[in-house]
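>
Now the structure itself:
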């Protein structure tokens, strides 16, 4: 069985690893679709910190991941077809936007599954970015006011 999941995978962290390891428990092959900067910019205000080629390389290095491919359009049907996904794993923020509904309809028509998972509460790329900015701001304050 092929398990497919998608994401930005910026600032790879333990939450990403937990998701990918969970995917491995669901099937024999884990395929990961990685959002290009252009795709990320279509729904987030900032591009990823880590360039796409490096995000792909890091994911390919993980034992629990078998296939890594970028996606350049905000749609998931072509990715599911390309890897012949049996199970599509999505996050808790999965919504009812057109691209979500299209892949849901496609998978249902093919007798495939969608499994929704909760995100790891321990961390997120956004939380890491905010923490890093806060540390940088604190260091600047100390340099300006204490030194």
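In full-length UniProt numbering, the protein residues as written are 1 to 147. Backbone N, C-alpha and C fix where the C-beta goes; we use that ideal spot for every residue, glycine too.
1) Thinking just about the alpha-carbon of each residue, which of 92, 95, 91, 84 is nearest to the one in residue 111?
2) Could you check the C-alpha separation between residue 32 and residue 43 for me, to the nearest Å?
3) May I ask you to verify whether the region 66-83 touches the region 25-39, counting CB pairs closer than 8 angstroms and requiring at least 3?
4) Between residue 100 and residue 113, what straight-line distance do the alpha-carbon atoms span, to the nearest angstrom?
5) So, at 6 angstroms on beta carbons, what are the nonlocal neighbours of residue 60 in its own chain, with the 5 sequence-adjacent residues on each side left out?
6) Just the Cα atoms here: how many angstroms apart are residue 2 and residue 119?
On the basis of the supplied data:
1) The candidate whose alpha carbon is nearest that of residue 111 is 84.
2) The straight-line gap separating the alpha-carbon atoms of residue 32 and residue 43 is approximately 19 angstroms.
3) Yes, since at least three Cβ pairs between the region 66-83 and the region 25-39 fall closer than 8 angstroms, the two stretches touch.
4) So the two alpha carbons sit approximately 14 angstroms from each other.
5) Cβ within range, chain order: 68.
6) Those two C-alpha atoms are separated by around 21 angstroms.
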